[in-house]
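**Q** FYI, the numbering for the sequence shown is 375 to 1112, going by the numbering used here.
Note that the Cβ used here is the ideal one computed from N, Cα and C, for glycine as well.
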Amino acid sequence: MTSLGPDAGVDIESLSEDQARAELARLEGVLVAADVAYHQKDAPEMSDADYDALKRRYLSIEAAFPELRRPDSLSGKVGAPAAEGFAKVRHQVPMLSLLNAFTDDDVARFFDTATGIAEGGATMQFTAEPKIDGLSASLTYRAGVLVKGATRGDGLVGEDITRNLMTIADIPHRLAGAGWPDEIEIRGEVYMSHAEFQALKARSAAVGGQDYVNPRNTAAGSLRQKDPSVTASRKLNFFAYAWGAASSLPAPTQMGVMDRFRAWGFAVNPLTVLCQSRDALLAHYRMIEAQRATLGYDIDGVVYKVDRVEWRDRIGWRANAPLWAIAHKFPPEQATSVLDAIDIQVGRTGALTPVARLRPVTVGGVVVENATLHNEDYIKGIGSDGEPLRGGMDLRVGDTVVVQRAGDVIPQIIGVVADKRPADAVPYVFPDRCPICGSAAVRDVNEKTGKVDAVRRCTGEMSCAAQAVEQLKHFVARDAMDIDGFGSENVELFFAEGLVQHPADIFRLPQRADAVRDALVKRSRQQALDRKGGAEAAEPDPQPGKAKGDQRQRQLEKLFAAIEARRAPELDKFIFALGIRHVGATTAALFAKTFSTIEAFRDTALQAAAGGDIHTDFPSISGVGEAVLASVRDFFANPRNVAALDALLAEVRPAPYVVSAESPVAGQTVVFTGSLEKMTRGAAKAMAERLGAKVAGSVSKNTNLVVAGPGAGSKLKDAEALGIPVIDEDQWLALVGG
């Protein structure tokens, strides 16, 4: 998901009329595209917080320049036009959106405005209910029978998805009980529970299907299936919470109508309550916010509505939203969850990294189940500077924690809800032995500073299976040897089957084709058994006989071809693939440029490892410090590492490092900004330099090209201001043939 962020631009008070007109046009383009992505494609391009900020700026400019407000202004629109492929349904009563409240003061203004119309000192009541993060739908019943179901669409016209809605168990085909009007349109939210979302992800992963991002998008996509049986296979739910056109209402209040909905067979959210004061509304909001992680479905706020229907007409509407209701949104990009477990992962360098296993919760549009805990000090509530974290509170299994996505990408725990800590929660004891091989796990002391390393590491080195597997995964990865199709799953399979223990074994696999085929068949059969829940599966493959054999042979040939294609890798990628501690893609490129060949690099490192002086054995390389050189020396001082390298060099011949003078970016200055999704920043820099380009850290008039990924900020603005060409990561790879 792209985080565009609010473009504050010039203060609204300082805008000229021409500037305001241009800014409205710019914002309209961004917001319309975001609406289409969210409502039609079920693939949001920005976070709710960013969208809300841009929409607020749009409305503020319109308010400051009312003469610029057009009849088709976004302030009067809802959602996006109905998607193609479904019959259109015109809503008898528009399906409006809601105004948003972000602070307690916003709620106070809403409350004071609404209660101001009460007559004779009458007490006005409000309903407060969770705002479900799903897909709005309307259901039309005639004589108690469901005759039409539709999406919101643009608020006026939606899509006819009647057959799909009828597969949802929460939606009755015929109303129960009695007292329903001749015709009524019942509105609510279709959603997918966390449990069903996780089950669907697991089912899809088992058959190599698509990955699903979050329950909201998945529910919306499920409802828009052409085949209703696909919708039926994904357990969706529905909460009823409103109505549209109706020949009559069964009660004069919101709560009364909801009671009738419940009697007619609908699910009504059990956290819906009546409140008579502003403090009661806010108290219910905070109670729901605290329970958010345990509800089992996604919500993004609490909706307040004037309960008595007759008073709503007095309060009135805006073009696209009622003034008698408001959505009190939760703080952006944060959520609460429960810490169910702390697991220890062992990385390729032996680092023991604690990982939080969380109850699934949606944060910034993505379902978060895990969060890094960095190291044992972080768990104890101690920062890298020795100062307290989270107010000094440690993390314990069972804690209710506050989660946010750091930089809109990496989930992290930023707080603990102290009053929700279980009475039996105990401090976490970090292991002092490797959970994989049982070797001692120690925290080294930095010889230079005398400080204890924050990371605890396994001392098992090559005898630790976890390090071997992770080293192999690193070796085949895109930024390293880049063996196409040889991913983590194959590494784990071939390691478990004893086919690959060291990198050189990968290049010997074509000589063991029968054993490789047997391993792939074994995995296929196990996956089939898993899909059938352990039932017997005499023939797990959908293609029997010769077709199955041909498919397997093509799979083998493709794998072996990918291996053969990497027998002459780029030198910088090869050095990076060795997995030497502290040697990232950028540093590997510096070594490659300095030594030109693997033999020169190996001989220098072996000399330093034999007792030489790293300061004299290695040439001075800008950007390569003592810690890196010490890691290289220690790597080559281990005879098992040298033996593994020599065995590998018997299979592959890294190409000498030569700076290209013929590439399309040779001689140009390139700047990378934002998040890169297909390579690391270091790998991108190394690639550009290998192609003869200079990589700069900032944009200037001397910059020739800017490669911008999601989240690009000031550098992108500088490039646009200077008229410098800007491309995305895919365009960069196409340009350089990556």
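What number of angstroms, rounded off, separates the C-alpha of Glu-944 from the C-alpha of Ser-1034?
**A** For Glu-944 and Ser-1034, the distance between alpha carbons rounds to 12 Å.
**Q** How is the beta strand (DSSP E) around Lys-703 delimited, first residue to last?
**A** Counting along the chain, the beta strand (DSSP E) containing Lys-703 begins and ends at 699–703.
**Q** With Ile-988 as the anchor, note down where its alpha helix (DSSP H) starts and where it stops.
**A** 988–991 is the span of the alpha helix (DSSP H), which, as asked, contains Ile-988.
**Q** Is the CB-CB distance between Lys-679 and Phe-476 below 8 Å?
**A** Not a contact, by the Cβ cut-off of 8 Å.
**Q** Could you tell me which of Met-632, Ala-606, Ala-543, Leu-530 sits nearest to Trp-554, measuring between CA atoms?
**A** Looking at the Cα atoms, Met-632 is the closest of the given residues.
**Q** May I ask which residues mark the beginning and end of the alpha helix (DSSP H) holding Ala-570?
**A** What sits at residue 570 in the sequence shown is Glu, not Ala. First-last of the alpha helix (DSSP H) with Glu-570: 568–580.
**Q** Is Val-771 near Tyr-802, with beta carbons less than 8 Å apart?
**A** In this structure, Tyr-802 lies closer than 8 Å to Val-771 by Cβ.
**Q** Measuring straight from C-alpha to C-alpha, what distance separates Pro-1099 and Leu-1079?
**A** Those two C-alpha atoms are separated by around 5 Å.
**Q** When you compare only the Cα positions, how much space is there between Phe-869 and Asn-1012?
**A** Taking the straight line from one Cα to the other gives about 22 Å.
**Q** Tell me Asp-534's beta-bridge partners as DSSP assigns them.
**A** Answer is Ala-524.
**Q** Which same chain residues, not among the five before or five after Glu-1094, have their C-beta less than 8 Å away from its C-beta?
**A** If we look at Glu-1094 and ignore the five residues flanking it on each side, its Cβ neighbours are Val-1100.
**Q** Taking just the CA atoms, how far does Arg-608 sit from Ser-970?
**A** Whole-angstrom Cα-Cα distance: 56 Å.
**Q** In angstroms, rounded to a whole number, what distance separates the CA positions of Arg-940 and Asp-856?
**A** Between Arg-940 and Asp-856, the C-alpha separation is close to 8 Å.
**Q** Where do the ends of the beta strand (DSSP E) carrying Asp-371 lie?
**A** The structure shown does not extend to residue 371, since the chain spans only 375 to 1112, so no value can be given for it.
**Q** Specify, as a first and last residue, the run of the beta strand (DSSP E) that Ile-673 falls within.
**A** Taken as a continuous stretch (DSSP letters only), the beta strand (DSSP E) holding Ile-673 covers 673–680.
**Q** If we call anything under 8 Å between Cβ atoms a contact, is Thr-489 one with Thr-541?
**A** No, the pair does not count as a contact, with Cβ atoms beyond the cut-off.
**Q** Between the Cα of Ala-1021 and those of Leu-697, Ile-937, Ala-878, spot the shortest distance and give me the residue it belongs to.
**A** The shortest Cα separation from Ala-1021 among Leu-697, Ile-937, Ala-878 belongs to Ala-878.
**Q** Using only CA atoms, which one of Glu-663, Gly-670, Phe-485 lies nearest to Tyr-368?
**A** Outside the modelled stretch of the chain, which goes from 375 to 1112, sits residue 368, for which no answer is possible.
**Q** I believe Leu-470 touches Gly-529 by the beta-carbon criterion, under 8 Å. Please report the beta-carbon distance rounded to the nearest angstrom.
**A** Going by Cβ atoms, the distance from Leu-470 to Gly-529 rounds to 6 Å, so yes, they are a contact pair.
**Q** What does the alpha-carbon distance come out to for the pair Leu-509 and Thr-525?
**A** If you take the alpha carbons of Leu-509 and Thr-525, they lie about 8 Å apart.
**Q** Quick one: measure Cβ to Cβ for Gly-859 and Lys-947, integer angstroms, because I've assumed they're closer than 8 Å.
**A** 17 Å between Cβ atoms; not a contact.
**Q** Helix, strand or coil for Gln-885 per DSSP?
**A** Gln-885 falls in the helix class under three-state DSSP.
**Q** Pull up the distance between the alpha-carbon of His-658 and that of Val-729, whole angstroms please.
**A** Roughly 33 Å between the two C-alpha positions.
**Q** Relative to the C-alpha of Val-404, which residue among Tyr-432, Leu-389, Ala-394, Gly-953 is closest?
**A** Out of Tyr-432, Leu-389, Ala-394, Gly-953, Tyr-432 has the C-alpha closest to the C-alpha of Val-404.
**Q** To the nearest whole angstrom, what separates the beta carbons of Gly-1083 and Ser-1049, a pair I think is in contact under 8 Å?
**A** Yes, they are in contact, since the Cβ atoms of Gly-1083 and Ser-1049 sit about 5 Å apart, within 8 Å.
**Q** Go through the segment 1072–1096 residue by residue and report every complete run of the alpha helix (DSSP H) that reaches 4 residues or more, in order.
**A** Runs found: 1088–1096.
**Q** For Ile-1111 and Ser-996, what's the separation of their Cα atoms in angstroms?
**A** Here the sequence assigns Gly to residue 1111, which means Ile is not the residue at that position. In a straight line, the C-alpha of Gly-1111 is about 29 Å away from that of Ser-996.
**Q** Which residue comes first and which comes last in the beta strand (DSSP E) that contains Gly-562?
**A** Where Gly-562 is concerned, the enclosing beta strand (DSSP E) stretches over 557–565.
**Q** Between Asp-681 and Thr-627, which are expected to be in contact by the criterion C-beta below 8 Å, what is the C-beta distance as a whole number of angstroms?
**A** Sure, about 5 Å apart at Cβ, within 8 Å.
**Q** Could you compute how far the alpha carbon of Val-519 sits from the alpha carbon of Arg-548?
**A** So the alpha carbons of these two residues sit roughly 5 Å apart.
**Q** Would you kindly work out how many angstroms separate the C-alpha atoms of Gln-599 and Leu-763, rounded to a whole number?
**A** Computed Cα separation, rounded: 47 Å.
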